[in-house]
Amino acid sequence: MTWPEIEFSFTFYKFLWYTNIYIICEKEKVLKSWIKKLAFLFPLIAAMLLYILLPHFPKTTETLFSRGIFRVISVPLGWLVSWLPLSLTELAVFVGIGFVLVSIVILIIKLIRRSDRVIVLGRVGRFCGWVLGAAALMYMLCHGANFYRLPAAQLMELPTGTVSPERLQEICLDLAEKANAARLEVAEDENGRMALSKTVSATLRDAGGGYRAIDGEYPFLWGAVGRAKPVQLSHYWSYTGITGMYFPFLCEANVNIDQPHSDLPMCASHELAHTRGFAREDECNFFGWLACIHSPSADYRYSGWLDAYVRCTNALSDYDAELAGEVMARASAGVNRDLRGRYEYWQPFFEAFGGKVMQAADDINDAFIQSQGVEEGLLSYDMVVGLIVGYYEKNA
42 MTWPEIEFSF
52 TFYKFLWYTN
62 IYIICEKEKV
72 LKSWIKKLAF
82 LFPLIAAMLL
92 YILLPHFPKT
102 TETLFSRGIF
112 RVISVPLGWL
122 VSWLPLSLTE
132 LAVFVGIGFV
142 LVSIVILIIK
152 LIRRSDRVIV
162 LGRVGRFCGW
172 VLGAAALMYM
182 LCHGANFYRL
192 PAAQLMELPT
202 GTVSPERLQE
212 ICLDLAEKAN
222 AARLEVAEDE
232 NGRMALSKTV
242 SATLRDAGGG
252 YRAIDGEYPF
262 LWGAVGRAKP
272 VQLSHYWSYT
282 GITGMYFPFL
292 CEANVNIDQP
302 HSDLPMCASH
312 ELAHTRGFAR
322 EDECNFFGWL
332 ACIHSPSADY
342 RYSGWLDAYV
352 RCTNALSDYD
362 AELAGEVMAR
372 ASAGVNRDLR
382 GRYEYWQPFF
392 EAFGGKVMQA
402 ADDINDAFIQ
412 SQGVEEGLLS
422 YDMVVGLIVG
432 YYEKNA
């Protein structure tokens, strides 16, 4: 090969080399540009991956998320938020509604005044994507993942399976006796119904007492939130039939304080179970009951025994109405007055607006619970009966 040929070859390969580098660099610029444009979708993608994958790996979810990431986020956040006596969730609703309305007005004004409307809408869309994606990821880390942890029955080593109506009646009779005895320790109002021994705010501050009593035996229940929050607009909230709500973005337990006093402590304990990493409603009912009956507060003990008595007796009634009737005949006059007060409180809300508001709220709640992999939906609340029976069987 002659020297001109060698020089030409060198120049040619040099050209190919630089051309290839240029193409690679341009591709990297395009790739980085697309990554930058689509970055707002990353939190949402991460949330969706957790939603899809975690149900298949309950042990990993239990260790890495429920006892790991969830606690890292929820313990300091919940501890800080619980110091404030007011419901930040209730405040956030009004602030959020105002923020959204003002933002819509500002956006409309911008779209009218500016010519680059497409660019403005694109920026707004990306911002909304970031917010929604971050909210979805925060939800999964602070609540959603807990739907897929190991079942409470497995954590507690409770026996599972069917139980005879006769055995369920025995448990219901014991619950009735416990409720009757606990009823003697609480105060009454002028109508002879259970009245809290403290103010509502003070009672909600006692919600963590029962959990502190059992944290040592059940370390997976450990948490920092010891107070449930009162919702000031509770009376209007009752039109939806909702008695409490956990707000995962603040790790805050909120309680409807307009409901009968006999139900309020158990509701507070139920919501605190959510702050301790449990999402399924039947499990929160169970741990709420367990915390109540171990609470130093007589109000909480009675509320817990009463709730379990009602749920288990209702379940027995589905098996054998006659056996359930024998149990109900054992309830004391005080217990029956409280149950009558519960009925009289909720009946007007059931009938208001033709029951459409409460039905709509039930449908939304049912759909949400089912979307988390709980096929029973609202019926999962009453599945606590199986856990209570298992607890009785294990502890004789």
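Each residue of the sequence shown is one higher than the one before, counting from 42 in our numbering. Ideal Cβ placement from N, Cα and C applies to all residues, glycine included. Nothing here was measured: the structure is a model prediction, and the numbers come from that model.
Which one or two residues does DSSP pair with A228 in a beta bridge? According to DSSP, A228 bridges with A236.
Where the alpha helix (DSSP H) containing V272 begins and where it ends: Note, V272: premise wrong, no alpha helix (DSSP H); beta strand (DSSP E) at K270 to V272.
Proximity winner among I153, R234, D361 and W387, relative to D299 (alpha-carbon distances): W387
Under the three-state DSSP convention, the category Y180 falls into: Helix.
When the Cα atoms are used, what is the spatial distance from H335 to C353? Between the C-alpha atoms of H335 and C353 there is a straight-line separation of about 19 Å.
Give me the DSSP bridge partner(s) of V464. Examination of residue 464 is not possible in this model, given that the chain is present from 42 through 437 alone.
So, at 8 Å on beta carbons, what are the nonlocal neighbours of S156 in its own chain, with the 5 sequence-adjacent residues on each side left out? none
Tell me which residues share the same chain as Y433 and place their Cβ nearer than 7 Å to its Cβ, disregarding the 5 neighbours each side in the sequence. I212
Thinking just about the alpha-carbon of each residue, which of A217, Y280 and A80 is nearest to the one in F390? Y280
Compute the beta-carbon to beta-carbon distance between A332 and V116, rounded to the nearest angstrom, for a pair I have assumed lies under 8 Å. Taking 8 Å as the upper bound for CB-CB distance, A332 and V116 are not in contact here, some 18 Å apart.
Whose C-alpha, out of Y277, G249, Y259 and L90, is nearest the C-alpha of K270? G249
Look at the alpha carbon of W120 and the alpha carbon of V272, and state the distance between them as a whole number of angstroms. When rounded, the distance between both Cα atoms is 19 Å.
Would you grab the beta carbon distance between R224 and G345 for me? Rounded to a whole angstrom, and I think it's under 8 Å. Rounded to whole angstroms, the Cβ separation of R224 and G345 is 12 Å, and the two are not in contact under 8 Å.
Could you give the residue range of the beta strand (DSSP E) that holds G375? Premise fails: G375 lies in the alpha helix (DSSP H), A374 to E392, not in any beta strand (DSSP E).
Would you report the Cα separation of I153 and V425, rounded to the nearest angstrom? Going by C-alpha positions, I153 is about 56 Å away from V425.
Could you please give the first and the last residue of the uninterrupted beta strand (DSSP E) stretch that includes N295? E293 to N297
Quick one: what's got a C-beta closer than 8 Å to A236's C-beta in the same chain, skipping five residues either side? V227, A228, E229, D230 and H302
Can L95 and Y189 be called in contact, C-beta distance under 8 Å? It is a contact, given that the beta carbons lie within the stated cut-off.
Assigned secondary structure, F261 (DSSP; H/G/I helix, E/B strand, else coil): helix
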